[in-house]
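Following: one structure in structure tokens, then a few remarks.
2 protein chains.
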Amino acid sequence: MATVNENFLRLQAGYLFPEIGKRKRAFAQAHPEAKIISMGIGDVTQPIAPAVIEAMHRAVDEMGKKETFHGYDDEGIGYVFLREAISKNDYKSRGVNIETDEIFISDGAKSDTANIQELFGPDNTIAVADPVYPVYVDTNVMAGRTGPIAGQGTYLKIVYMPATSENNFVPEPPNEKADMIYLCFPNNPTGAVATKEQLKKWVDYARENRSVLLFDAAYEAYISEREIPHSIYEIAGAKDVAIEFRSFSKTAGFTGVRCAFTVVPKELRAYTRAGQSVALNPLWNRRTCTKFNGVSYITQAGAAATYTSEGSKQVREVIDLYMNNAKVIREKLGSLGYKVYGGVNAPYIWLKTPEGLGSWEFFDLLLTKANVVTTPGVGFGPAGEGYVRLTAFGELENVKEALDRIARI
Amino acid sequence: MATVNENFLRLQAGYLFPEIGKRKRAFAQAHPEAKIISMGIGDVTQPIAPAVIEAMHRAVDEMGKKETFHGYDDEGIGYVFLREAISKNDYKSRGVNIETDEIFISDGAKSDTANIQELFGPDNTIAVADPVYPVYVDTNVMAGRTGPIAGQGTYLKIVYMPATSENNFVPEPPNEKADMIYLCFPNNPTGAVATKEQLKKWVDYARENRSVLLFDAAYEAYISEREIPHSIYEIAGAKDVAIEFRSFSKTAGFTGVRCAFTVVPKELRAYTRAGQSVALNPLWNRRTCTKFNGVSYITQAGAAATYTSEGSKQVREVIDLYMNNAKVIREKLGSLGYKVYGGVNAPYIWLKTPEGLGSWEFFDLLLTKANVVTTPGVGFGPAGEGYVRLTAFGELENVKEALDRIARI
Chain A
1 MATVNENFLR LQAGYLFPEI GKRKRAFAQA HPEAKIISMG IGDVTQPIAP
51 AVIEAMHRAV DEMGKKETFH GYDDEGIGYV FLREAISKND YKSRGVNIET
101 DEIFISDGAK SDTANIQELF GPDNTIAVAD PVYPVYVDTN VMAGRTGPIA
151 GQGTYLKIVY MPATSENNFV PEPPNEKADM IYLCFPNNPT GAVATKEQLK
201 KWVDYARENR SVLLFDAAYE AYISEREIPH SIYEIAGAKD VAIEFRSFSK
251 TAGFTGVRCA FTVVPKELRA YTRAGQSVAL NPLWNRRTCT KFNGVSYITQ
301 AGAAATYTSE GSKQVREVID LYMNNAKVIR EKLGSLGYKV YGGVNAPYIW
351 LKTPEGLGSW EFFDLLLTKA NVVTTPGVGF GPAGEGYVRL TAFGELENVK
401 EALDRIARI
Chain B
1001 MATVNENFLR LQAGYLFPEI GKRKRAFAQA HPEAKIISMG IGDVTQPIAP
1051 AVIEAMHRAV DEMGKKETFH GYDDEGIGYV FLREAISKND YKSRGVNIET
1101 DEIFISDGAK SDTANIQELF GPDNTIAVAD PVYPVYVDTN VMAGRTGPIA
1151 GQGTYLKIVY MPATSENNFV PEPPNEKADM IYLCFPNNPT GAVATKEQLK
1201 KWVDYARENR SVLLFDAAYE AYISEREIPH SIYEIAGAKD VAIEFRSFSK
1251 TAGFTGVRCA FTVVPKELRA YTRAGQSVAL NPLWNRRTCT KFNGVSYITQ
1301 AGAAATYTSE GSKQVREVID LYMNNAKVIR EKLGSLGYKV YGGVNAPYIW
1351 LKTPEGLGSW EFFDLLLTKA NVVTTPGVGF GPAGEGYVRL TAFGELENVK
1401 EALDRIARI
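Chains as they are written, first to last, in this note's numbering: chain A, 1 to 409; chain B, 1001 to 1409.
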């Protein structure tokens, strides 16, 4: 008899975004005249940059000719041309030495942050911020690394670290021991960033406790303040204890093209239960070569074009456009008396609901009264209750229209 | 202390194909004058069909314009236009009713056959053919579903089913109980196919034992004999017990473009340890939406073009070209006195080594004396010892040249 992975049955019903989609569709069906503006799902809205489009057209043509056709990517971890561009532009340019064989190209940071836990044993304690991107938690639930659901939709055996206005949404390392620590800066959903000093505390904690930091930097391109680190590896000693995730999704509008990468430094180690150290770079390589067959050549050619002088300029213009939306949202909501956080180094604005309204209550209010879709903060964890997340993706005129409607309620 | 997944340490050193690549590169470096012909790794060589190239160009252009830009694929399991084309052309055309919500688009059959085991509990017994595509075994080793390595590189707690010339490389259901059964027809590496009668025995076995068949049909497009089933679902009752994997890699030359799909019927069930039945379709949906973010829109547009009248004709011509290579290989090697199998309904020819040579011995002989790269059969399992796999991918003139060289040794 084939038995099912019963850990799946512990998952809470419905991933957050499908539930939002369902409520949105139900409202749209009941009110076909309503012009709904989405500030909910963190999806980009601007088209792909011309230099990237051009590179993808060239790559498509190459695939159509025998002499330039590309089949399997030999190494399975991504083309050298892309890994070299990443090493040079994302790391060496900031004084961080990351070699090409420490970089693994993938189809998305969601896949990578979901799959990385496979390298670790079943008994590790995971720590996550609260609120948190649900993928970190759900994938550990599926793997049986958590206990059952306790109160407020949280799981036993997870260390939740509240990110609140009191700590500026940057939690301190916990007093208890945690082995696998998920950090995300710039943060989804709060838009908070961590300073070098704050990240150093985490690196120190991990080094002391032989923990591994799983550092999700998918939004690093949105950092506008000069002193904020873009990579965990800007902290001395981090290569011994941290894996970093990056993505082209929000950097270059690749949510529909699918490309990301993960850095697993050669120094990084975890341990057998007997205490023997094991390098994680060859393990991730083995995992990648066994369970994955690489990313489309066309996609990788497009991703590489984001590093050309033309491509990087075009990509930057789109980010600036989104960050101008963020500025407009922050300022307008602030002037209306709302408490807003984030939106300076991240495309997310974290909005305190007024008058003690619950996240879903305020979500429904904005949907029904202003026809604006947001993301309920509580969907990211109990400490997100009383907040909604707004995204800066979208057209400025829609953003302004949405804000005007919010102002009227 | 972060502990490592110690199951990874049970994996045997080196995935097969990197080892082949290493030997090939070492030989090429020592003999730069040698013109090596690869008949080893099962990678396609013909360019992508013009209708597909055209569709991908159109899709790239769409991504470059705001009005037609595609971000995240809303449902996360693939665009409806592609799932409808699959449902109609791959299934309904053969009298099999597979609905669009039973089809999940992915980046590759390797990923899917690797990830599917996550739906199942840790105590299931897996059964695989011997020889077998290594991914089925390695991913279960990583998940801890097997025991340690025993003799001949096999793992304890796996039911190995020898596929030999005595059973025409189609094993019968085992006498012992197996819960998760990997079947691959047309077979990689032997090129064998199963008849409806043979598959019916497997469906009957699975229904009796409440097992799940994991049916890898990545090579179905190469079937030339009319009576051979293309899908496990052509067998009555299979939707209750089988998952099917398909790919555009070998069908349409997508090894470098990356697109595949998995069918999980709504009827299919596994069981809790307490015996309660659980539908696997929503579990795979949940797994997909949590750990994956869909396939490039450009790729999916290209895949859909393989179903147009023009696209399907062009794709068929390439398959015919490869299958002509297979015919030439079979006939020539047969006339040289070699025992050859496969190559009629699959792009693989399974060649018995002469004079009792071991697989790697014969591999090295062909590499050094004929400068032809093959795949050692033993790399797929102990019953593959004494065989090498040849692929029909490549240029006819290279195939002929390789055969001439083999004839001379």
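We put the CB at the ideal spot given by N, CA and C, even for glycine.
Treat the numbers as computed from the prediction; the structure is a model and nothing was measured.
| Asked | Found |
| --- | --- |
| Length at least 4, wholly inside the segment 185-264 of chain A: the alpha helix (DSSP H) runs in chain order | 196-209 and 249-252 |
| Chain-order list of residues whose beta-carbon lies under 8 Å from that of R1010 (chain B) (same chain, five-residue window excluded) | V1141, T1146, P1148, I1149 and Y1155 |
| Sequence-distant residues of its chain with Cβ nearer than 6 Å to F1185 (chain B) (five each side left out) | V1193 and A1194 |
| Ranges of the alpha helix (DSSP H) found wholly within the segment 1268-1326 of chain B, counting only runs of at least 4 | 1280-1291 and 1297-1305 |
| Chain A contact for P1047 (chain B) (CB, 7 Å cutoff) | yes |
| Buried versus exposed call for I1232 (chain B) [16 or more other C-beta atoms within 10 Å across all chains shown] | buried |
| Of the residues A:S87, A:V128, A:V60 and A:G337, the one placed nearest T353 (chain A), counting alpha carbons only | A:G337 |
| Chain B within 7 Å of M56 (chain A), Cβ atoms only | yes |
| Closer than 7 Å to chain B by CB, G358 (chain A) | no |
| Same chain only: Cβ atoms within 6 Å of I1037 (chain B), ignoring 5 sequence neighbours per side | V1372, N1398 and A1402 |
| Neighbour-count burial assignment, L333 (chain A), 16 or more Cβ in a 10 Å radius | buried |
| Residues near G1342 (chain B) by beta carbon distance below 7 Å, same chain, minus five either side | T1190, G1191, A1192, Y1348, I1349 and W1350 |
| CB contact check: A114 (chain A) to chain B, cutoff 7 Å | yes |
| Inter-stretch contact (C-beta, 8 Å, three-pair minimum) for the segment 1218-1234 of chain B and the segment 1280-1299 of chain B | no |
| Beta strand (DSSP E) segments (min. 3 residues) lying fully within the segment 1078-1112 of chain B | 1103-1106 |
| Nearest candidate by alpha-carbon position, reference I998 (chain B), set B:V1128, B:E1084 and B:G1151 | The structure shown does not extend to residue 998 (chain B), since chain B spans only 1001 to 1409, so no value can be given for it. |
| CB of S296 (chain A) within 7 Å of CB of T1299 (chain B), strictly | yes |
| Supposed close pair M1180 (chain B), I1126 (chain B) - CB separation, criterion 8 Å | 5 Å |
| Short-range partners of chain B found in the segment 261-283 of chain A, where Cβ spacing is below 7 Å | A270, Y271, T272, R273, V278 and L283 |
| Endpoints, the beta strand (DSSP E) within which T1391 (chain B) is located | Y1387 to T1391 |
| Euclidean distance between Cα positions of G95 (chain A) and N187 (chain A) | 23 Å |
| Chain A contact residues for M1161 (chain B), given Cβ-Cβ distances below 7 Å | None at all; the shortest Cβ gap to chain A is about 17 Å. |
| Partner residues on chain B for F69 (chain A), Cβ-Cβ distance less than 9 Å | V1044, T1045, Q1046, P1047, I1048, G1253 and G1256 |
| F1393 (chain B) beta carbon less than 7 Å from that of V1044 (chain B) | yes |
| Residue span of the beta strand (DSSP E) that contains V128 (chain A), given as start and end | I126 to D130 |
| Presumed contact (8 Å Cβ cut-off) between V212 (chain A) and A1002 (chain B), rounded CB distance | 4 Å |
| C-beta atoms of L1119 (chain B) and N5 (chain A) nearer than 7 Å | yes |
| Presumed contact (8 Å Cβ cut-off) between V1052 (chain B) and G1302 (chain B), rounded CB distance | 5 Å |
| Residue closest to L82 (chain A), alpha-carbon to alpha-carbon, out of A:S312, A:R408 and A:A304 | A:A304 |
| Cβ pair count under 8 Å reaching 3, the segment 1215-1222 of chain B against the segment 1240-1248 of chain B | yes |
| Minimum C-alpha distance to C1259 (chain B) - residue among B:L1283, B:E1176, B:T1306 and B:N1209 | B:T1306 |
| Buried or exposed (CB count within 10 angstroms, at least 16 for buried), P282 (chain A) | exposed |
| Assigned secondary structure, M180 (chain A) (DSSP; H/G/I helix, E/B strand, else coil) | strand |
| Residues that DSSP places opposite W350 (chain A) in a beta bridge | A:Y341 and A:R389 |
| R316 (chain A) beta carbon near the ligand ZN (any heavy atom closer than 6 Å) | Summarising the ligand content, the structure contains no ligands, and the ligand ZN is consequently not present. |
| Buried or exposed by the 16-neighbour rule on C-beta atoms within 10 Å, applied to P171 (chain A) | buried |
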